[in-house]
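Q:
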Amino acid sequence: MADPTLQTFCCIQTNMTRPGADALVRFRSGPYNAVCILFSVFGILGAIYQILPRESYQSTIRKPSTSSVRGRYIIVWLATADLLASSAVLVRSVSWVIGKTVVMSPTLDTYFCAVSSAWIQYFYTATCLWTLVYAIDVFKVVHEDRGMPKIYHIIAWGLPAVLCIIGLTILYYPDINCHASGSSAFARILPNYFFTYLPIVIVMIVNPLLYWRTSIKAEDMVVSVSGRFTHNERQHLRSLKLKFFCINLVFYICWLPNLVNAFLLWTLWDDLPRSFVLFDWYLMAVVNPLQALLNALVYRKWGDTKTYVVFPWTKHHLQKTKSLNDLGETNYILDSDSPSPNGRDSNGNNSFDESTKSLTFPGYGTL
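Read in full-length UniProt numbering, the sequence shown has 23 at position 23, and its numbers run on one by one without any break.
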């Protein structure tokens, strides 16, 4: 899990209050780390699934345009950040379990805790910003604007580095003792909380607004093309809005428990509802790493039935199938979902729907 509270447990343990000592014991406990290990493995598997290459059974005579890979490009980087974050959770939790049987010097234990926690914070912050970048790029796609890959990388990798360095330097420098009494402890701990949760709050506010504006633009595109709404058009618009809703819902599910935990700790520290806080910690240990697996469900190309994941053991089969499809160059024109050459379906009705085409955004499938 990614939480600034756990980073304070890496500090030299002097003058720690009773609630803090109890929390530290819970943090290093076997059951808690078992949950972290289990769900970090799920997160790793979900991230790997997203990173695996995709192939299409469609004929290869169509060359993808530059914009056709934009959505996939961002999703892969989002999954990469998720993979590294979940791996860090796994390494740290396994180390805590092993540490019960292996004697480790206090200094080494402190530095390992600090480094692993910084690793987790950095890559989870990166996942938040890649989530924001995806929403920005979808918004730009429907407005027919070009992508900004260099700017995206600066935002998603550079900004987390700046936030983590500032927050953790204030927290740990110079003696890794953030439990000093008085205002000193407050001044050292608060900035790290702020820099950790600022990206999460921004995504929770900005992404729904971006997706809402994108949905409105999609409706305008339909009206501008046909001037009417058919059943098929309504279905695509519903699919668009449902996908955006699910993306936002997954992010809220995965990160709202962290905000609740921070609120409780800063407002009720002297009288914490310990049972609820403990439950919230276990919830964070579940949903934070699980983000990668849930993302694999919501960031897919909705409505795309011709793209398949290439697992190592299926690569040869897909290549063979793809070569067979290339023998029929008109398969991608005269398939069951395409209009007939005269623009009419088998019943003689007009089957060519420009508004449906307008909702199939490059790199994102039928949203």
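The C-beta atom is built at its ideal place from N, Cα and C for all residues, glycine as well.
Given the structure is predicted, the values throughout are model-derived calculations rather than measurements.
Can you give me the Cβ contacts of LEU259 inside the same chain, cut-off strictly under 8 Å, excluding the 5 residues immediately before and after it?
A: Closer than 8 Å at the Cβ level, and outside the excluded window around LEU259, lie TYR197, ILE200, VAL201.
Q: Measuring CB to CB, does ALA88 end up less than 7 Å from TRP130?
A: For ALA88 and TRP130, no; Cβs fall outside 7 Å.
Q: Ordered along the chain, which non-local residues of its own chain (more than five positions away) have a Cβ less than 6 Å from that of LEU132?
A: Only VAL203 meet the Cβ criterion.
Q: Applying the criterion that 16 or more other CB atoms from any shown protein chain within 10 Å of the CB defines a buried residue, is HIS236 buried or exposed?
A: Counting Cβ neighbours within 10 Å, HIS236 comes out buried, since at least 16 surround it.
Q: Near ASP3, which residues of its chain fall below 7 Å by C-beta distance, leaving aside the five closest residues on each side in sequence?
A: Closer than 7 Å at the Cβ level, and outside the excluded window around ASP3, lie ASN258, ASN261, MET284.
Q: Taking contact to mean at least 3 C-beta pairs separated by less than 8 Å, is the stretch 109–129 in contact with the stretch 157–175?
A: Output reads yes: the stretch 157–175 touches the stretch 109–129.
Q: So, with DSSP's three-state summary, where would you put GLY147?
A: DSSP places GLY147 in coil when its eight states are reduced to three.
Q: Hey, quick one: how far does the alpha helix (DSSP H) through ILE170 stretch, first residue to last?
A: Here the alpha helix (DSSP H) through ILE170 covers 159–172.
Q: For SER275, does the count of other Cβ atoms within 10 angstroms reach 16, so buried, or fall short, so exposed?
A: Label assigned to SER275: exposed.
Q: Below 8 Å on the Cβ atoms is my guess for ASN192 versus TRP96; work out the distance and round it to an integer in Å.
A: Contact doesn't hold; Cβ gap of about 21 Å is too wide.
Q: Answer with buried or exposed for PHE39, where buried requires no fewer than 16 other C-beta atoms within 10 angstroms of its C-beta.
A: Answer is buried; the Cβ neighbour count reaches 16.
Q: Cβ atoms of LYS241 and SER224: under 7 Å apart, would you say?
A: Not in contact: SER224 and LYS241 (Cβ atoms no closer than 7 Å).
Q: With a threshold of 6 Å on Cβ separation, who are the neighbours of TYR73 within its own chain once the five nearest residues in sequence on each side are excluded?
A: The answer is none, since no qualifying residue turns up.
Q: Verify whether the separation of the beta carbon atoms of ARG92 and GLY147 is less than 7 Å.
A: No, these two residues do not count as a Cβ contact at 7 Å.
Q: Mind checking which residues open and close the alpha helix (DSSP H) that includes ALA79?
A: Element bounds for ALA79: 70–99.
Q: Can the beta-carbon of LEU190 be found closer than 7 Å to that of SER117?
A: No; because the gap between Cβ atoms is not below 7 Å, this pair is not in contact.
Q: Looking at LEU293: is its Cβ nearer than 7 Å to the Cβ of PHE112?
A: No, these two residues do not count as a Cβ contact at 7 Å.
Q: Between the alpha carbons of ILE120 and ILE154, how many angstroms are there, rounded?
A: Between ILE120 and ILE154, the C-alpha separation is close to 19 Å.
Q: Among residues of its own chain, excluding the 5 on either side of VAL298, which ones have a beta-carbon nearer than 6 Å to its beta-carbon?
A: If we look at VAL298 and ignore the five residues flanking it on each side, its Cβ neighbours are CYS246, ILE247, VAL250.
Q: Closest to LEU256 by CA distance: which of TRP281, ARG238, ILE136, THR267 is it?
A: The shortest C-alpha separation from LEU256 is found at TRP281.
Q: Drop a sphere of 10 angstroms on the beta-carbon of ILE136, count the other beta-carbons inside from all chains shown, and report buried for 16 or more, exposed for fewer.
A: Buried.
Q: When you compare the CB positions of ALA114 and ALA79, do they come within less than 7 Å of one another, or not?
A: No; because the gap between Cβ atoms is not below 7 Å, this pair is not in contact.
Q: Measure how close the beta-carbons of ASN177 and CYS10 come, nearest whole angstrom, since I'm counting them as under 8 Å.
A: Actually they are not in contact, since the Cβ atoms of ASN177 and CYS10 sit about 11 Å apart, beyond 8 Å.
Q: I need the DSSP call for ALA47, collapsed to helix, strand or coil.
A: DSSP places ALA47 in helix when its eight states are reduced to three.
Q: Using the beta-carbon count (16 or more within 10 Å), is TRP212 buried or exposed?
A: When all chains shown are included, TRP212 counts as exposed.
Q: Does the beta-carbon of ILE205 have 16 or more other beta-carbons within 10 angstroms, so that it is buried, or is it exposed?
A: So ILE205 ends up on the exposed side.
Q: Could you tell me the distance, in whole angstroms, from the CA atom of TYR172 to the CA atom of ARG188?
A: Approximately 8 Å between the Cα atoms of the pair.
Q: Shorter than 6 Å, the distance from the beta carbon of VAL222 to the closest heavy atom of the ligand FMN, or not?
A: You won't find the ligand FMN in this model; it holds no ligand whatsoever.
Q: In the DSSP assignment, find the unbroken alpha helix (DSSP H) run with THR267 in it and report its ends.
A: 231–267 is the extent of the alpha helix (DSSP H) around THR267.
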